[in-house]
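Colleague: The structure that follows is given in the form of structure tokens.
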Amino acid sequence: MSQLKNKTVLLTGGTGSFGKAFIRRVLNDDEIGKLIVFSRDELKQFELAGSISSEKIEFCLGDVRDYQRLLRVSSGVDVIVHAAAMKQIPASELNPIEAIKTNVIGAENIVNAAIENGVSKVLALSTDKAANPANLYGATKLCSDKLMIAGNDLSRDSKTKFAAVRYGNVLGSRGSVIPFFLEQVKLGSIPITDERMTRFWLTIEQAVDFVLASIERMHGGEIFIPRIPSFKVTDVADVVCPGVPTRIIGIRPGEKLHEIMITEDDAHYTFEFEDCYVIASPTLIKSGLIQKHGKKVSEDFRFSSEINPYWHTKESFKATLKDSGIL
Numbered sequence: 036m037s038q039l040k041n042k043t044v045l046l047t048g049g050t051g052s053f054g055k056a057f058i059r060r061v062l063n064d065d066e067i068g069k070l071i072v073f074s075r076d077e078l079k080q081f082e083l084a085g086s087i088s089s090e091k092i093e094f095c096l097g098d099v100r101d102y103q104r105l106l107r108v109s110s111g112v113d114v115i116v117h118a119a120a121m122k123q124i125p126a127s128e129l130n131p132i133e134a135i136k137t138n139v140i141g142a143e144n145i146v147n148a149a150i151e152n153g154v155s156k157v158l159a160l161s162t163d164k165a166a167n168p169a170n171l172y173g174a175t176k177l178c179s180d181k182l183m184i185a186g187n188d189l190s191r192d193s194k195t196k197f198a199a200v201r202y203g204n205v206l207g208s209r210g211s212v213i214p215f216f217l218e219q220v221k222l223g224s225i226p227i228t229d230e231r232m233t234r235f236w237l238t239i240e241q242a243v244d245f246v247l248a249s250i251e252r253m254h255g256g257e258i259f260i261p262r263i264p265s266f267k268v269t270d271v272a273d274v275v276c277p278g279v280p281t282r283i284i285g286i287r288p289g290e291k292l293h294e295i296m297i298t299e300d301d302a303h304y305t306f307e308f309e310d311c312y313v314i315a316s317p318t319l320i321k322s323g324l325i326q327k328h329g330k331k332v333s334e335d336f337r338f339s340s341e342i343n344p345y346w347h348t349k350e351s352f353k354a355t356l357k358d359s360g361i362l
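Heads up: take any position in the sequence shown, counting from 1, add 35, and you land on my numbering.
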């Protein structure tokens, strides 16, 4: 974990699923200088603080919507991991301005506070739903991505570097389909929106590993996308709830049949690496840094869950769930 050795790290949204896994990981490695957990739910902070014994962690209440609070908390920080977001698709559709305030204005506040305080690196967590968005949540996260990448051109004097990571469904996270399926077993059947539906999948541990690796390798101006496998949602139900009948309920508003993480329009700026793809900003491409290790993809390239060359089998998916303690 050399990228965070003796560093002061600010983690926004630190009491969520990713935040908890990130905290466990960096505190277990015992090289981080200080970890500031920033979130707006005092009860979740209280409960999390009660389960952690470390002099290296500090809990700070606040909201990314509040620029002045964010400016104060990020003073003296070396690295920001921006995980705070309003993620619920139906809630975002019904309360669009709330999603915009958190996901868009909050991202702008992160950029401005990081530049003002001379933070070295900022890595924001994005989502597959930001690529060719079909709902407001995805649209706000696309805006957030754009703000982060543009931050590199705004930070000329401070030299703050901004990048983002974009990945798919996190197994076992809060809001994951797996706990939902297990709950639905009690009702006698599993609701499936469409039997053709596919998704990208990774574990929370893989997400943390990818974030840490991206902090290490970022030059500023990248959207990092891991090479992760696809799996049909009906097969998820078969693995998690074997023998339980399914019922088709139809695709919900804002929901996609398949998820996409890199569109053909982004292919012109996309480079392939051994473990990931990178959508690079024009400024980063012009610098020549990305071409030193990455290979340009074809002009018609698309990274989508239904045509993904990497697929889980039922056996590998089940093994992954067991290894992660989900089953």
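Note that the Cβ used here is the ideal one computed from N, Cα and C, for glycine as well.
1. From the DSSP output, which residues share a beta bridge with T233?
2. Determine the direct distance from the alpha carbon of S351 to that of R104, and round the result to whole angstroms.
3. Measuring only the C-alpha atoms, how far is H303 from I314?
4. Assuming D180 and E294 make a contact with CB atoms under 8 Å, what is their CB distance in whole Å?
5. Provide the residue span of the alpha helix (DSSP H) that contains M253, from first to last.
6. In the segment 88-134, which residue ranges form an unbroken beta strand (DSSP E) of at least 3 residues, counting only runs that do not cross its ends?
7. Please classify G278 as buried or exposed, where buried requires at least 16 neighbouring CB atoms within 10 angstroms.
8. Excluding the 5 residues flanking R209 on each side, which residues of the same chain have their C-beta closer than 8 Å to its C-beta?
9. According to DSSP, is N170 part of a helix, a strand, or is it coil?
10. Classify C10 as helix, strand or coil using the three-state DSSP reduction.
11. Helix, strand or coil, according to DSSP, for L324 in the structure here?
12. Rounding to the nearest angstrom, what Cα-Cα distance links D300 and A174 in this structure?
13. Hey, S74 and G49: beta-carbon distance below 9 Å or not?
14. Which term fits F81, buried or exposed, when burial requires 16 or more other beta carbons within 10 angstroms of its beta carbon?
15. Just curious, the beta strand (DSSP E) that I295 is in, first and last residue?
16. Give the single residue among F308, P168, D273, V274 whose Cα lies nearest to the Cα of R262.
17. Using DSSP with H/G/I as helix, E/B as strand and the rest coil, what is V157?
18. Could you check if N144 belongs to the surroundings of the ligand GTP, using beta carbon to heavy atom distance under 8 Å?
19. Taking only the alpha-carbon atoms, compute the straight-line gap between I135 and K69 and give it to the nearest angstrom.
Modeller: Taking the geometry as given:
1. Position 198 of the sequence shown holds residue 233. According to DSSP, which records beta bridges pairwise, T233 is partnered with K267.
2. Translated into the one-based positions of the sequence shown, residue 104 becomes position 69. Translated into the one-based positions of the sequence shown, residue 351 becomes position 316. In a straight line, the C-alpha of R104 is about 45 Å away from that of S351.
3. Residue mapping note: residue 303 aligns to position 268 of the sequence shown, counting from 1. Residue mapping note: residue 314 aligns to position 279 of the sequence shown, counting from 1. About 9 Å.
4. Stepping through the sequence shown from its first residue, residue 180 is reached at position 145. Stepping through the sequence shown from its first residue, residue 294 is reached at position 259. Not confirmed; about 16 Å, so no contact.
5. As a working mapping, residue 253 is identified with position 218 in the sequence shown. Looking at the DSSP string, M253 is not in any alpha helix (DSSP H), and its letter there is neither H nor E.
6. 92-96, 114-117
7. Taking the first residue of the sequence shown as position 1, residue 278 is located at position 243. Burial call: exposed.
8. As a first step, residue 209 must be located in the sequence shown, where it is residue number 174. Closer than 8 Å at Cβ, skipping near neighbours: G51, S52.
9. Residue 170 sits at position 135 when you count from the first residue of the sequence shown. Correct three-state label for N170: coil.
10. Not covered by the structure: residue 10. The range shown for the chain is 36 to 362.
11. Numbered from its first residue, the sequence shown carries residue 324 at position 289. Three-state DSSP puts L324 in coil, outside helix and strand.
12. Translated into positions along the sequence shown, residue 300 becomes position 265. Translated into positions along the sequence shown, residue 174 becomes position 139. Using only the alpha carbons, I get a separation of about 16 Å.
13. As a first step, residue 74 is located in the sequence shown; it is residue number 39 there, counting from the start. As a first step, residue 49 is located in the sequence shown; it is residue number 14 there, counting from the start. Result yes, Cβ atoms of S74 and G49 sit closer than 9 Å.
14. Looking up residue 81 in the sequence shown gives position 46. Exposed is the call here.
15. Taking the first residue of the sequence shown as 1, we reach residue 295 at position 260. Per DSSP, I295 belongs to the beta strand (DSSP E) from 295-297.
16. On the sequence shown, residue 262 is found 227 positions in, with the first residue counted as 1. Closest by alpha carbon: F308.
17. Translated into positions along the sequence shown, residue 157 becomes position 122. Strand at V157.
18. No copy of the ligand GTP appears in this structure; indeed no ligand is present at all.
19. One-based indexing of the sequence shown puts residue 135 at position 100. One-based indexing of the sequence shown puts residue 69 at position 34. Looking at the two C-alpha atoms, the distance is approximately 30 Å.
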